[in-house]
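In the numbering used here, the protein residues as written are 457 to 764. Glycine included, C-beta positions come from ideal geometry on N, C-alpha and C. None of the values given here were measured: they were computed from a predicted structure.
As structure tokens, then:
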């Protein structure tokens, strides 16, 4: 069986937790990766095992399995909490949340679990109180009477001892049955509750993401069918841009020909989110119409217009 955590191990775990969090937040990448692995797969689970399973005797294999499982559970729950609170789910959030859970579990262990274990441990060097016998002078009974009294006292002592042993055995049986019943309830319902919590949190996150994505503004660039060429070989191209955002404006519209030469370039204001304009372009060329956001060098929207 694996021994429970002692005071020295608790202090060492707290120091390693703080160092791992600092490494994730400020250390070079190799140390940050090592600290992230410790916070993600070991440290929270080691601390929570001593608090959640303090009354159970576990093997080393059970502790080895519980540590990463509980640590991953901490990451899932902290992610749900951070998303609900609107926090950015970056490495700072993961590091701080994992370290905070670990240190909180160690504080609970120090304040609650360790004092209980110390009270249950028998004190060293204790000795039974010395029994002082006070002599009493009585008239000596006859040998037959003395033997009869001795037999009665022995029989009474045997009965009392048997009654005490029976009562203790019954009490142990009742306590064992109660513990087994509590453990059975926990084993049967705790996984179900955890699954429901995870599914409920994931469903809520999906619903919120779908609701937020529904209101996302999408920028589109379209063109009406161009008219017939005029006598100069040109035609009018009517363009429409919708979903323009003031934060991304002003936009730039560039028209290039098949050889890459620029045919037209103009500034498109964001305005009320929609823009419509007409361009006179060569009719015998395949044109590329690109829309750029303010400050961008990569096309945000691209439209191809075939030659007539």
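**Report entry** First and last residue of the uninterrupted beta strand (DSSP E) at residue 509
**Finding:** Careful: residue 509 lies outside any beta strand (DSSP E) and carries neither H nor E.
**Report entry** Nearest to residue 686 (by Cα), restricted to the options 738, 662, 525
**Finding:** 738
Query raised in the report: Who are the near neighbours of residue 468 in its chain, counting only those whose CB is closer than 7 Å to its CB and skipping five residues on each side?
Result: none
Query raised in the report: Taking buried to mean at least 16 other C-beta atoms within 10 Å of its own C-beta, is residue 601 buried or exposed?
Result: exposed
Query raised in the report: Rounded C-beta distance between residue 551 and residue 481? I'm assuming under 8 Å.
Result: 6 Å
**Report entry** Spatially closest choice to residue 496 from 518, 730, 744, 522, by CA coordinates
**Finding:** 522
Query raised in the report: For residue 501, is the classification buried or exposed, using 16 other Cβ atoms within 10 angstroms of its Cβ as the cut-off for buried?
Result: buried
Query raised in the report: On the premise that residue 499 lies in contact with residue 527, defined as a C-beta separation below 8 Å, what is that separation, rounded to the nearest angstrom?
Result: 7 Å
Report task. Could you tell me the boundaries of the beta strand (DSSP E) in which residue 721 lies? Result -> 718-724
Query raised in the report: Does the stretch 511-520 touch the stretch 471-488, meaning 3 or more C-beta pairs lie closer than 8 Å?
Result: no
Query raised in the report: Among the residues of its own chain, which have a CB less than 6 Å from the CB of residue 763, if the five just before and after it don't count?
Result: 740, 741, 742
**Report entry** residue 755 (DSSP reduced to helix, strand or coil)
**Finding:** coil
Query raised in the report: Just checking, does the stretch 676-696 make contact with the stretch 659-668 on the three C-beta pairs under 8 Å criterion?
Result: no
Query raised in the report: Using a Cβ-Cβ cut-off of 6 Å (strictly less than) and excluding sequence neighbours within five positions of residue 506, which residues of its own chain qualify?
Result: 461, 565
Query raised in the report: Whose C-beta lies closer than 8 Å to the C-beta of residue 478 among residues of the same chain, with five residues either side of it excluded?
Result: 491
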